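Below is one structure, written out as structure tokens, with a few remarks after it.
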Amino acid sequence: MAWIRQIPYEESTGLLRRIYDEALGRAGRIWKIVKVGSLRPRTLQAAMQFYQESMHGPSDLTRVQREMLATVVSAELACPY
961 MAWIRQIPYE ESTGLLRRIY DEALGRAGRI WKIVKVGSLR PRTLQAAMQF
1011 YQESMHGPSD LTRVQREMLA TVVSAELACP Y
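Just so it is clear: in the sequence shown, position 71 is 1031 by the working numbering, and no numbers are missing.
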């Protein structure tokens, strides 16, 4: 797996700190998939908004169907997420 520098919570400021705080509020922790985007907070924010809209926004698919598709794609790509 590639090594990507990550900004720890203690060193985060501004937008990144807000993103980290929101992640802590949602999940009680900051997942690695969030941390790897820490060098580009605006890009991370856009990616997280895309995820939220894809998984929680209006759709003809149910939440269960969307999660199932994400799981199948992750398994096919051997992705731990």
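All C-beta atoms, glycine included, are put in the ideal place defined by N, C-alpha and C.
Since the model is a prediction, treat every value here as computed from it, not as a measurement.
- When rounded, the separation of the alpha-carbon atoms in Ala1007 and Leu1029 is 18 Å.
- Minimum Cα-Cα distance from Arg1000 among the listed residues Leu976, Leu1021, Gly985, Gly988 corresponds to Leu976.
- Setting aside the 5 residues that flank it on each side, Gly997 is surrounded in the same chain by Leu1004, each with a C-beta closer than 6 Å to its C-beta; the list follows chain order.
- About 6 Å separates the Cβ atoms of Tyr969 and Ile990, confirming a contact at the 8 Å cut-off.
- For Val996, the three-state secondary structure derived from DSSP is coil.
- Ile979: member of the alpha helix (DSSP H) spanning 974-987, first to last residue.
- Taking every protein chain shown into account, the CB of Ile964 has fewer than 16 other CB atoms within 10 angstroms, so this residue is exposed.
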